[in-house]
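Read through the structure below, which is laid out as structure tokens, and then see the notes.
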């Protein structure tokens, strides 16, 4: 393991390493001095395909990803997730079976079944092989009236069906310019992820997505992103305690690209990325996975 870390440092890549994997404090301190990020958390690189890719295109993309990630090049300290549109879930499930790639969905409804035309239930997603589901993405909030209250309902139902929710929070440009970013995010967290059991509180994933940086090419600086991530973890500590706050993964979701992912992932409270456009090309997404 030490040789792998040294090789990564030599190649200019500072990996995230499980702090419990070192044989003793001397080795841990040495690698910390080299800039290696210590964490108890496994990073998650999640591709949100949004309303892109037909079934045929989905098959082509995920086959390409599977082939290129099947050589053992995915480090043990990270997970890889793809979230295709609903129409491609079942076919993608069959392709990613027995691979390092996990399957997620982009949305769900909180009712089990019924007269809710156009909606998809958690049970349907589970039956399709889904392990994760994105909830409360800013585009869902902006275009489809998603609220903190509906996010909370969906999150709880996802857990009831053994699906891990990725709950999205984040501020608009107007809110940031008015210095309202932290109050907005605090409400989104306190309302949106309230009411979890002790076990659930350690499994939840939160994604911070500054709305002004999504699809615009603009990116919060790593320091700006880290400041918000640390704030989210602080709020979560107040809600569920230190152990839960140290266990949950908080992803960054604002125009993550191959040329900025390494610096973003060096931040101590950033545990992965929720990726949009860069997840639609296999080579770009693989560069993110191998940050």
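Numbering (this note's numbering), first residue to last: 501 to 791.
Positions of the beta carbon are idealized from the N, C-alpha and C atoms, including for glycine.
Residue environment, residue i, which counts as buried when at least 16 other CB atoms sit within 10 Å
{"i": "residue 778", "result": "buried"}
{"i": "residue 645", "result": "exposed"}
{"i": "residue 677", "result": "exposed"}
{"i": "residue 700", "result": "buried"}
{"i": "residue 771", "result": "buried"}
{"i": "residue 567", "result": "exposed"}
{"i": "residue 652", "result": "buried"}
Beta-bridge partners of residue i, as assigned by DSSP
{"i": "residue 579", "result": "544"}
{"i": "residue 752", "result": "708, 773"}
{"i": "residue 609", "result": "621"}
For residue i, three-class secondary structure by DSSP
{"i": "residue 685", "result": "helix"}
{"i": "residue 623", "result": "helix"}
{"i": "residue 735", "result": "helix"}
{"i": "residue 587", "result": "helix"}
{"i": "residue 730", "result": "helix"}
{"i": "residue 696", "result": "coil"}
{"i": "residue 701", "result": "helix"}
{"i": "residue 788", "result": "helix"}
Residues near residue i in its chain [Cβ-Cβ closer than 7 Å; skip 5 each side]
{"i": "residue 523", "result": "In this prediction, residue 523 scores a pLDDT of 47, lower than 50, which makes its location untrustworthy; no coordinate-derived value is stated."}
{"i": "residue 735", "result": "686, 689, 690"}
Extent of the continuous beta strand (DSSP E) to which residue i belongs
{"i": "residue 634", "result": "632-635"}
{"i": "residue 602", "result": "601-605"}
{"i": "residue 565", "result": "Looking at the DSSP string, residue 565 is not in any beta strand (DSSP E); the run it does join, the alpha helix (DSSP H), is 555-568."}
{"i": "residue 666", "result": "664-669"}
Residue i, enclosing alpha helix (DSSP H) - first and last residue
{"i": "residue 742", "result": "742-747"}
{"i": "residue 708", "result": "Careful: residue 708 lies outside any alpha helix (DSSP H), inside the beta strand (DSSP E) at 705-708."}
{"i": "residue 714", "result": "That residue, residue 714, is in no alpha helix (DSSP H); it is neither H nor E in DSSP."}
{"i": "residue 676", "result": "673-677"}
{"i": "residue 759", "result": "From DSSP, residue 759 is part of no alpha helix (DSSP H); its letter is neither H nor E."}
{"i": "residue 680", "result": "Segment: none, residue 680 is in no alpha helix (DSSP H) and carries neither H nor E."}
{"i": "residue 642", "result": "638-644"}
{"i": "residue 653", "result": "648-660"}
8 Å Cβ shell around residue i - same chain, five flanking residues per side excluded
{"i": "residue 569", "result": "580, 599, 600, 601, 786, 789"}
Cut-off 6 Å between Cβ atoms - residues of its own chain near residue i, not counting five sequence neighbours on either side
{"i": "residue 659", "result": "700"}
{"i": "residue 562", "result": "592, 595"}
{"i": "residue 546", "result": "581, 774"}
{"i": "residue 657", "result": "610, 622"}
{"i": "residue 629", "result": "593, 603"}
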